[in-house]
Amino acid sequence: MKNRTKSTVLFILCVLVIGFLAYSGVYGVTAGGYRLKPFSEVINRGLDLQGGVSVLEEIQADKVDQETMSKVTELLSMRVNKLGVSETVVTREGQKRIRIEIPGKYDAKEVIDGVAKTGELKFVGPDKQTILTGKDVKKATAYVDSQDGKPTISLELNDAGTRKFADATQKFIGQPITITMDEDELTSPTVQAHITNGKAVITGSKSLDEAKRQANIINSGALPVTVKPVEVKTIGASLGANALPLSILAGKVGIAIVMIFMILYYRIPGVIASIALVLYIYIVLLAFASVNVTLTLSGIAGFLLTVGMAVDASILIFERMKEELKSGKSIKAAIDSGFHRAMSSVLDANITTIIAGVVLYGLGSGSVKGFALTLIIGVALSMFTAITVTRWLIKLAAGMGWFKHKWSIGTFGVHDFRRGVK
């Protein structure tokens, strides 16, 4: 009786917590001046869910190395961010193409004109006069200083730049020289010494990644890079707005059908699997929000596929439990043995799917990457809910005495429990 009471209390608490999480995920919760936002407000939506412009830019050169691609990507990303639009996506495609997706913008010409021109890099003195341009820069490299461990950018100038910089550093000692890209300030280091050899270091970056980004932009301003749009797509606001509610409706219907099937076929284990599925959906959406996933139509398809796979793991486990009960084992023994013996099949199915997702993410582009990313996250988390959450809830249900009757487990066909239910 004591064990049954404990199991009942824990089970009710679990259901209440999962219910609260589900409610907060759908509607949000406000308490004590703090608001827990619903997932509809925190998960980024892709171009196909809210409309916008997609531009595929191509570098006009026969051969493009990875360093050049990195520089051009940084430059284009900086230009896109100047448009003031959040959730923009700038990704590489192939050897010399870069995909730019800008949700909420519908003027393709404005986007193309804003990102396709060659960058204008300037070193501006405190007197607002231009000291150097991108043509005067030979090379910029980011590294971590071995003496103080701080991120640093080394700057190397050509002959013309060396002469101009020597005059400027002599004139502006103790004053800042601002480095700008298209009038946007990149960094503003203070002149510490008179530099005559054309080699300088820039400190003050918050991290090595920031220093690398700044070095790439400085280098890109010195390169005569030409990019040309080879594909332009515009998705209207109304089309994007209609896609999201239809996708949500499809998701609700699909999840509801899965839950109804599980409950009708597996009875109480099906109910428990449905409760675990609600928690799984919450955890997956939380992961999407945490890692800043941009959700697209293909991403929603991948997410719904993982919902089916999460239930598939439960089906494997439940069927194994039924086989153990048929062999005459007690409920407790059948649960432990069912989870243990089904584990190899569950791991095999999920790990092979994750491998396929990794390959798709590595080789694919655009919507394929979105599908692969949601698939990988979903499958990985489905193993957690199937192996831990479902198992614990099943054990609590057994402790409450829910499996005393044949109908509570589901259909067994022509076989009977024998002495399985105890």
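Residue numbers 1 to 422, in UniProt numbering, belong to the letters of the sequence shown in order.
All C-beta atoms in this analysis are idealised placements derived from N, C-alpha and C, irrespective of residue type, glycine included.
Going by C-alpha to C-alpha distance, which of the options sits closest to residue i?
i, options, result
"D312", "L277, V144, I59", "L277"
"A349", "L373, I317, S298", "I317"
"I218", "G364, E74, R45", "E74"
"E185", "K164, K128, K138", "K128"
"R163", "D148, I12, V137, I179", "V137"
"Y106", "A211, V379, Q60, T234", "T234"
"T68", "I195, A398, A215", "A215"
"V284", "K404, G401, L381", "L381"
"I354", "T296, L305, A333", "L305"
"K252", "F172, G134, V307, G362", "V307"
"I281", "G401, F303, T30, G51", "F303"
"G28", "G51, L286, T196", "L286"
"Y266", "L295, E319, E210", "E319"
"S314", "K326, I351, V271", "V271"
"E120", "D182, M383, Q66, K139", "D182"
CB residue i to CB residue j, shorter than 8 Å?
i, j, result
"V191", "I177", "yes"
"E93", "L47", "no"
"L10", "L279", "no"
"G370", "S290", "no"
"I59", "L76", "no"
"V53", "V17", "no"
"V293", "T385", "no"
"I98", "V72", "yes"
"S205", "P245", "no"
"I43", "F288", "yes"
"V358", "I376", "yes"
"residue 432", "G19", "The chain is shown only over 1 to 422; residue 432 falls outside these bounds and no answer can be derived."
"L396", "S7", "yes"
"A372", "G364", "yes"
"G254", "G51", "no"
"S337", "K329", "yes"
"Q175", "P126", "yes"
Between residue i and residue j, which are expected to be in contact by the criterion C-beta below 8 Å, what is the C-beta distance as a whole number of angstroms?
i, j, result
"V269", "I394", "Residue 269 is actually Pro in this sequence, not Val. With 8 Å as the limit, P269 and I394 qualify as a contact, their Cβ atoms being about 7 Å apart."
"E156", "K199", "6 Å"
"A160", "I131", "Contact doesn't hold; Cβ gap of about 12 Å is too wide."
"L273", "I331", "The amino acid at residue 273 is misidentified as Leu; the sequence shows Ala. With 8 Å as the limit, A273 and I331 do not qualify as a contact, their Cβ atoms being about 17 Å apart."
"A243", "L13", "At roughly 39 Å, the Cβ-Cβ gap does not stay under 8 Å, so A243 and L13 are not in contact."
"A108", "V232", "5 Å"
"R4", "M400", "6 Å"
"A61", "A142", "The Cβ separation is near 24 Å, so there is no contact."
"H194", "I173", "7 Å"
What does the Cβ neighbour count give for residue i, buried or exposed, with the cut at 16 atoms within 10 Å?
i, result
"P103", "buried"
"E324", "buried"
"Y23", "exposed"
"R418", "Because the pLDDT of R418 is 43, which lies under 50, any placement of that residue in the model is unreliable, and the question is left without a value."
"K96", "buried"
"T196", "exposed"
"I153", "buried"
"S86", "Reliability of the predicted coordinates at S86 is poor, the pLDDT of 49 falling under 50, and no value is obtained from them."
"R45", "buried"
"G84", "Since pLDDT at G84 reaches only 46, below the 50 mark, its modelled position is unreliable, and the value read off the structure follows with that caveat. Exposed is the call here."
"G134", "buried"
"T226", "exposed"
"R35", "exposed"
"A334", "buried"
"V414", "Its pLDDT being 36, under 50, V414 is placed unreliably by the model, and the measurement read from it follows with that caveat. Exposed, since its Cβ has fewer than 16 Cβ neighbours within 10 Å."
"V144", "exposed"
"I275", "buried"
Please tell me whether, using a cut-off of 7 Å, the distance from the CB of residue i to the nearest non-hydrogen atom of the ligand NAD is below it.
i, result
"V90", "Among the ligands in the structure shown, none appear at all, so the ligand NAD cannot be discussed."
With 8 Å as the threshold, decide whether the Cβ of residue i is near any Cβ in chain C.
i, result
"I18", "Absent from the structure: chain C. Only one protein chain is present."
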